[in-house]
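Undergrad:
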Amino acid sequence: MAFLSWRMESFQPFLLLASILLAVLLSFFMKLKSGKRKFNLPPDPPKLPIIGNLHQLGNMPHLSLQCLAKNFGSIIFLQLGEVPTVVISSARLAKEICILELLSAKRVQSYSFVREEVARLICRVAESYPSTTNLSKVLGLYANDVLCGVTFGRNFSAGGEYNLHGFSVGDFFPSMEFIHSLTGMKSRLQDTFQRFDKLFDQLLTEHGNPEREKEERMDLVDVLVLLDIQKNGYDEMPLTTDNIKAIILDMFAGGTDTTFIALDWGMTELIMNPKVMEKAQAEVRRIVGDRRVVLESDLLQLHYMKAVIKEIYRLHPPAPVLLPRESMEKVNIDGYNIPAKTHPESWENPDVFEPERFMGSRSTVDFKGQHFELIPFGAGRRSCPAITFGTASIELTLAQLLSFDWELPPGFTAKDLDMTEAFGITMHRIANLIVIAKPHFPLDHNDNPKI
C-alpha cells in the first residue's frame, strides 16, 4: 500500500504536466477553430499542433509554397507557429493586394564610380586568362565594392563575404523570443550591429568634417549629411543620425547580395544555354563594336540583353519569398477574408530559361511593380527603392561580361554545373561558378573606364 501511495505521489507531477500540456493544445486548437469560423479564410493545408504548417516549408520554402499552391490554390492560409500567414502565388491576386504608386524621381544620378568598378572587374577577369577564375567570388567582391563606393565613397574589397540568412524559430513564435538568446543569435546580432554602428559613426564623422577634401562625385552619405534637415527647419520629416545609419544599412544590405545573385545566376544560365549566350554576345558586339567599353547610351539598344535580365529575375528572383507584409485591417481578397495582422499560369514552360518570352509584344513587361507576373523587387510603396540604380548597374556589368568568350574548365560540361539553391532571405547558388574567360578583343589597359 505504501508502495502504491509512493507511485501515485511520484506520478502526480507527471499528471500535472500532462494536464497543462493538454490545456495548451486544446487552447491552440480552439483558437484555430474559432478563427476559421469567424473568418472565411483561404484554403489551408492540414496542420500539426503547436508548429502549424512550419513542417511543410522544408529547406526551400519557395519551392514548397509552389507545391502547396498547386494543391490548394493561388491563395492559401498557413499557420506558421504563432503567426497566421496568407501566401499569394498569383499575379492577378498580387496586383489586388499591392498599392501601385508612381515614383517620381527628379533625376537618377549617374555614378562614374560604377563604371570604374566595372572596368576593374573586367581587367581582373581578363588577367586570369588562360587560367580558370572563380567568377562567383569575383562578382561578389565587385558587387560589394560598387555598393560601398556609392554609399560610403570608398572601396572595401578586403571586407570579405557575408550572407543574409533565412528565418529563425523566434520569428514564428514571438512568445518564445528567448530562443534567440539560447541559440546565440542575439549576441551575434548585437556584435554585428555594434561593428556596423562603429563604422557608420566613423563615416559620418569623416563626411561631416568641413575640412575634408571634397571629391567631384557625391556618395549617399554626402547627400544625407548635406541635407541636414533638422538644422534647416524641416520638422515635419526629421532626419536623425540613427535615420541616416538605417538608410545606409538598407542601401548596403539590400543592394550587395541582390546585385551579386542576379549576375551569378545570369552568367550560370547563359553558360547553361549557349545559344542564348551567343545571341546576347552578338547583340552587344554589334552595338559596341571595337570600342570595347560599353556606354550607358548603348544599353538603350540592347533589347535582347534586357530580355535576358528579365528572364534571370523571373527564374531566379533574388528574394523569392518577398519580405512579409502585415495587413493593417481586415481585407477581402478573391472572396476570402484576411484578418488583420496576418504562378505558373502566367508563363509557358516556366522552368525553361527563355528570354524570347520578353521579346515582341511582351517586351513592355517590366519588373518595376506594374506587371505582377514579374515582381522580383516587390510592388507598391514598399517595393525596392533602388530598382533603377540596381538595374542599370546590372545591365552595364552583364553587357561588359558578354565581351568575353566563356568556357568551362577542361573535362566539364554544362550538365556538371550545380544549380542547387541555398535558401535565405536572398537566394544564391550553393556552388561557385568556375570558368575560363577568353577576351574576345585584345585587352587595352588604356581604355578609359570613366567615359
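So the sequence shown is numbered by the numbering used here: it starts at 15 and just counts up by one. Where is the CB? At the ideal position from N, CA and C, for every residue including glycine.
Classify isoleucine 10 as helix, strand or coil using the three-state DSSP reduction.
TA: Limits of the chain in this structure are 15 at one end and 465 at the other, which puts residue 10 out of reach.
Undergrad: Determine, using beta carbons only, whether phenylalanine 367 and glutamate 409 come nearer to each other than 9 Å.
TA: It is not a contact, given that the beta carbons lie outside the stated cut-off.
Undergrad: Taking the continuous beta strand (DSSP E) assigned at isoleucine 90, which residues delimit it?
TA: Run containing isoleucine 90: 89-94, per the beta strand (DSSP E) assignment.
Undergrad: Please check if any C-beta of chain C sits within less than 9 Å of the C-beta of methionine 291.
TA: Protein chain content of the structure displayed is limited to a single chain, and chain C is not contained in it.
Undergrad: Decide if the segment 307-317 is in contact with the segment 423-437; the criterion is three or more beta carbon pairs, one per stretch, under 8 Å apart.
TA: In short, these stretches do not touch, since the Cβ pair count stays below three.
Undergrad: What is the residue span of the alpha helix (DSSP H) that glutamate 368 lies within?
TA: Per DSSP, glutamate 368 belongs to no alpha helix (DSSP H) and is neither H nor E.
Undergrad: Here's a check: name, in chain order, each residue in its chain whose Cβ is nearer than 8 Å to the Cβ of valine 139, leaving out the five neighbours to either side.
TA: Cβ within range, chain order: Thr147, Leu149, Val152, Leu415, Phe418, Ala451.
Undergrad: Quick one: grab the DSSP three-state call for phenylalanine 455.
TA: In the structure shown, phenylalanine 455 sits in coil (DSSP, three-state: anything other than H, G, I, E or B).
Undergrad: In angstroms, rounded to a whole number, what distance separates the CA positions of aspartate 365 and phenylalanine 214?
TA: When rounded, the distance between both Cα atoms is 42 Å.
Undergrad: With distance defined between alpha-carbon atoms, name the residue in Leu412, Lys84, Pro57 nearest to aspartate 278.
TA: Residue Leu412 is the option with its Cα nearest to aspartate 278.
Undergrad: Rounded to a whole number of angstroms, what is the C-alpha to C-alpha distance between proline 424 and isoleucine 285?
TA: Proline 424 and isoleucine 285: Cα-Cα distance of roughly 14 Å.
Undergrad: Which term fits asparagine 85, buried or exposed, when burial requires 16 or more other beta carbons within 10 angstroms of its beta carbon?
TA: That one is exposed.
Undergrad: How about alanine 321 and arginine 371: do their beta carbons lie closer than 9 Å?
TA: Cβ atoms of alanine 321 and arginine 371: closer than 9 Å.
Undergrad: On the three-state DSSP scale, how would you describe alanine 445?
TA: Coil at alanine 445, not helix or strand.
Undergrad: Taking aspartate 432 as part of the beta strand (DSSP E), name the residues at either end of that continuous run.
TA: Taken as a continuous stretch (DSSP letters only), aspartate 432 belongs to no beta strand (DSSP E), as it is neither H nor E.
Undergrad: Considering just the uninterrupted stretch of the beta strand (DSSP E) at aspartate 312, what are its terminal residues?
TA: Note, aspartate 312: premise wrong, no beta strand (DSSP E); alpha helix (DSSP H) at 310-313.
Undergrad: Measuring alpha carbon to alpha carbon, tell me which of Ile90, Ala260, Asp430, Met291 ends up nearest asparagine 446.
TA: The residue with the shortest Cα to Cα distance from asparagine 446 is Asp430.
Undergrad: Who does asparagine 148 pair with in a DSSP beta bridge?
TA: DSSP, once it has assigned bridges, lists Ile448 as partnering asparagine 148.
Undergrad: Tell me whether isoleucine 275 is buried or exposed, calling it buried when 16 or more other Cβ atoms sit within 10 Å of its Cβ.
TA: Isoleucine 275 should be labelled buried.
Undergrad: Let me know the secondary structure DSSP gives glycine 303 once reduced to three states.
TA: Of the three classes helix, strand and coil, the one that applies to glycine 303 here is helix, per DSSP.
Undergrad: Tell me whether leucine 71 sits in a helix, a strand or coil according to DSSP, three-state version.
TA: Leucine 71: coil per DSSP, three-state reduction.
Undergrad: I need the straight-line Cα distance from alanine 157 to alanine 406, nearest angstrom please.
TA: Approximately 13 Å, taken between the alpha carbons.
Undergrad: So the candidates are Asp159, Arg443, Val449; which of them puts its Cα closest to the Cα of glutamate 421?
TA: Among Asp159, Arg443, Val449, the Cα nearest to that of glutamate 421 is on Val449.
Undergrad: Let's test the definition: count the other Cβ atoms within 10 Å of the Cβ of asparagine 363 and tell me whether it reaches 16, buried, or not, exposed.
TA: Exposed.
Undergrad: Applying the criterion that 16 or more other CB atoms from any shown protein chain within 10 Å of the CB defines a buried residue, is glycine 154 buried or exposed?
TA: The residue in question, glycine 154, is buried, as its Cβ has 16 or more Cβ neighbours within 10 Å.
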